[in-house]
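The block underneath contains the structure these notes are about, expressed in structure tokens.
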Amino acid sequence: MAMNLDILVRLEEKIERLLERNRQLEQIGQQLRDEKTSLEQERDFMVQELDRLLGKFDFLDQETS
């Protein structure tokens, strides 16, 4: 019976470690999603700025033509 109890205790400990690891991975996943969102917003801003600058260059090209 003591052996069964020992096995049960080890299984519970293993489950707790796995649950903790799962929580850590969920946190990492959320951090990565947040970073992705931030990078996507930065990319969108850069695209808008490039479009704005290209529009100015097009305007200047038309004036000098």
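FYI, the numbering for the sequence shown is 1 to 65, going by UniProt numbering. Beta carbons: idealized from backbone N, C-alpha and C, even for Gly.
To the nearest angstrom, report how far apart residue i and residue j are at their CA atoms.
| i | j | result |
| --- | --- | --- |
| GLY29 | GLU42 | 20 Å |
| ASP44 | PHE57 | 20 Å |
| MET3 | GLN27 | 36 Å |
| GLN48 | LEU32 | 24 Å |
| ARG17 | GLU40 | 34 Å |
| LEU8 | ARG23 | 22 Å |
| GLU63 | ARG52 | 17 Å |
| THR37 | ARG21 | 24 Å |
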